[in-house]
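**Student:** Supplied in structure tokens, the structure appears directly below.
In the working numbering, the protein residues as written are 280 to 592.
Spelled out as structure tokens, the structure:
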């Protein structure tokens with residue numbers, strides 16, 4: 280297995296950050312030796328121009344923190360206006376609540392087959408493609424009890440659907456969303472789990488919706504088609520805080536794999552975090568990535584999402 284290093288970023292807003300952080304191996308065989316080696320070397324990794332901005336919001340009002348330009352790229356607005364949609368195509372969308380505060384969406388756009396469609400929900404957005412019949416089916420974790428979903432096409436056509444998700448009060452959620460292939464992923468380490476162990480929930484080990492519904496653990500869902508031009512993708516972690524059978528802690532982080540597509544470049548991301556108490560926290564990240572000499576390693580951003588304190592129920 281390759282020698283994968285993870286550099287922890289503990290700071291918040293700085294112009295330049297030098298990292299020596301703790302290194303974690305994906306396997307446990309030589310973890311201690313590798314941590315000692317890196318700590319002894321005090322290897323610096325330079326991350327420049329990192330900016331974090333945050334805001335808190337009540338769940339009573341939708342959080343709309345990004346809009347689309349004409350080419351469906353991400354753009355932060357100066358106001359909280361919703362994206363406008365029209366319907367010249369007979370477009371319809373249904374939203375049906377499911378277990379674990381999920382919502383099954385179905386978009387029917389008969390005159391827009393094989394077309395890019397962007398789904399907006401409470402500040403979260405992701406891009407998918409309709410099938411040959413103009414249909415898109417997907418399952419979305421709700422971020423508000425009174426959930427509003429908007430489907431918008433590049434033509435300006437679109438539609439809106441609503442759902443009441445009463446079970447959301449039992450769950451905490453964290454979202455990371457990006458445009459492009461940034462190497463960003465959301466990681467949850469439940470009940471003292473280390474990377475690669477049971478309880479490490481991420482897109483490579485997404486957990487179980489059934490476990491969340493019964494209070495046994497969390498899960499991650501990925502939304503958005505990463506193969507699209509200018510993709511809009513999101514990862515959402517869900518934990519059943521109010522249903523959990525055991526007390527403990529869930530350590531949350533946003534990890535960035537340094538790859539050939541993001542090294543020595545600027546990247547952007549946004550996190551949205553909702554609590555069972557109904558609070559919403561949004562943070563934006565802008566940063567310049569390290570040089571390409573450490574491709575394959577990871578940066579760990581611990582301050583973009585808050586850890587969860589879990590009481591047994």
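We put the CB at the ideal spot given by N, CA and C, even for glycine.
What distance in whole Å lies between the Cβ atoms of residue 547 and residue 458, which are believed to be in contact at a cut-off of 8 Å?
**Tutor:** 7 Å
**Student:** For the candidate residues 586, 441, 374, 511, whose alpha-carbon lies nearest to that of residue 553?
**Tutor:** 586
**Student:** Could you pull out every residue in the same chain whose Cβ sits closer than 6 Å to the Cβ of residue 377, ignoring the five residues on either side in sequence?
**Tutor:** 383
**Student:** Counting Cβ pairs closer than 8 Å, one from the region 495 to 507 and one from the region 436 to 448, do we hit at least three?
**Tutor:** Here the region 495 to 507 does not lie against the region 436 to 448, with fewer than 3 beta-carbon pairs under 8 Å apart.
**Student:** Is it right to say residue 453 is buried, meaning 16 or more other beta carbons lie within 10 angstroms of its own, or is it exposed?
**Tutor:** By the Cβ neighbour-count rule, residue 453 is buried, with 16 or more other Cβ atoms within 10 Å of its own.
**Student:** Ignore the nearest five residues each way along the sequence and tell me which others in residue 530's own chain have a CB closer than 6 Å to its CB.
**Tutor:** Cβ neighbours of residue 530 beyond the five flanking positions: 468, 586.
**Student:** Pull up the DSSP beta-bridge partners for residue 516, would you.
**Tutor:** 453, 499
**Student:** Reducing DSSP to helix, strand and coil, say where residue 247 ends up.
**Tutor:** Past the boundaries of the shown model lies residue 247; the chain is included only from 280 to 592, so the question cannot be answered.
**Student:** State buried or exposed for residue 420, treating a residue as buried only when at least 16 other CB atoms are found within 10 Å of its CB.
**Tutor:** buried
**Student:** Taking the alpha carbon of residue 460 as the reference point, which residue from 426, 424, 491, 512 has its own alpha carbon closest?
**Tutor:** Comparing Cα positions, the closest option is 512.
**Student:** Whole angstroms are fine: how far does the CA of residue 545 sit from the CA of residue 397?
**Tutor:** 24 Å
**Student:** Could you name the residues of the same chain whose beta carbon sits closer than 6 Å to that of residue 387, not counting the 5 residues immediately before and after it, in chain order?
**Tutor:** 371, 414
**Student:** If we count the other Cβ atoms within 10 Å of its Cβ and call it buried at 16 or more, is residue 525 buried or exposed?
**Tutor:** When all chains shown are included, residue 525 counts as exposed.
**Student:** By the 10 Å Cβ neighbour count, where 16 or more other Cβ atoms means buried, how is residue 539 classified, buried or exposed?
**Tutor:** exposed
**Student:** Which residues share a DSSP beta bridge with residue 572?
**Tutor:** Looking at the DSSP output, residue 572 bridges to nothing.
**Student:** Threshold first: 4 residues or longer. Then list the alpha helix (DSSP H) segments lying entirely within the region 459 to 511, N to C.
**Tutor:** 488 to 492
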